[in-house]
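Residue numbers (this note's numbering): 494 to 814.
Here's the structure, in structure tokens; my notes come after.
What follows is the structure, encoded as structure tokens:
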């Protein structure tokens, strides 16, 4: 997770042919306006823009008269390959979709929050122009974030394999039925219970679904994996923080109902009774662009609006009593 300066080995391209992949949530007018501003600013700086489909092309140029250099790349054709970075306009969901495109190419992702909390984003909408300019001037560094790899098996046969940046969730398939699950760590059983689900999260994902389910916040540079039971019917159902070298297994009761596996809220797979989901530290990180040096504590306080004054100061309107 050591920050690094962008260079050619990081996936950047020479300045004469710099190119940025734009990923945006196209359903809001604010996003359309931001996309046009970004495209114009990059064009003025001589940086070519990529988009993943014709709809995105219309997003930045609704009149069909392309005044700026732009390339349309199909999502299945490794669209981030050779780009300097992926520039994201939207919330955390949009950034997670962009991470799917960026991770195979090892290309960093820069998020500008146009959604609500936008915990993964590096800049808010009012700093859009500054974010573009810092890319133009190469005034940014890159931070690697841990991912998880997950494999689903049934009676020793592999059924599915995928990954996640935030979390892997194993949840009950229908609202009416309770999920009976057994959690194992490094091949040894820890606890079994009925529940709504089990979350296996990264430090990055500790502020997402796992946080909503009652898990602790982990600082991004903590090398660990998080296991959070969701609404478990058990005396012992506390979150677990385990080694990044551990293997976490969630086994589904072979006599119970099926379950569903979801990764980052994007990729899903139906788990038959008796299936086993194994989660390990990912082989490939997701690379996030950071525009300024800063500490995670400040980001946590800002994004969640945490009170940092004492109760005495708040009662007295800011005066210590």
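All residues carry an ideal CB built from backbone N, CA and C; glycine is no exception.
- Annotation: the continuous beta strand (DSSP E) that includes residue 718 extends over 718-723.
- With a cutoff of 8 Å on beta-carbon distance, residue 674 and residue 688 are scored as near each other.
- DSSP places residue 698 in the helix class (H, G or I) of the three-state scheme.
- Boundaries of the beta strand (DSSP E) around residue 762: 760-764.
- By the 16-neighbour rule on beta-carbons within 10 angstroms, residue 607 is buried.
- In this structure, residue 624 keeps its C-beta atom at 8 Å or more from the C-beta atom of residue 514.
- Bounds of the alpha helix (DSSP H) holding residue 524 are 522-537.
- In this structure, residue 740 sits away from residue 642, with a CB-CB distance that is not shorter than 8 Å.
- The alpha carbon of residue 797 has as its nearest neighbour, out of 609, 517, 543 and 594, the alpha carbon of 609.
- Distance from the CA atom of residue 626 to the CA atom of residue 722, rounded to whole angstroms, is 43 Å.
- Fully enclosed alpha helix (DSSP H) runs of no fewer than 4 residues occupy 585-595 of the stretch 566-614, in order along the chain.
- Contact check between the stretch 697-710 and the stretch 655-669: three or more CB pairs, one atom from each, fall below 8 Å, which counts as touching.
- Beta-bridge analysis with DSSP links residue 745 to 674.
- Contact annotation: the stretch 775-782 touches the stretch 588-607, with at least three C-beta pairs closer than 8 Å.
- Residue 679 carries a coil assignment under DSSP once its states are collapsed to helix, strand and coil.
- Under the three-state reduction of DSSP output, residue 797 falls in the helix class.
- Counting only the Cα atoms, residue 786 lies some 11 Å from residue 635.
- Inclusion of residue 664 and residue 672 in the CB contact set at 8 Å is warranted, their separation being smaller than that value.
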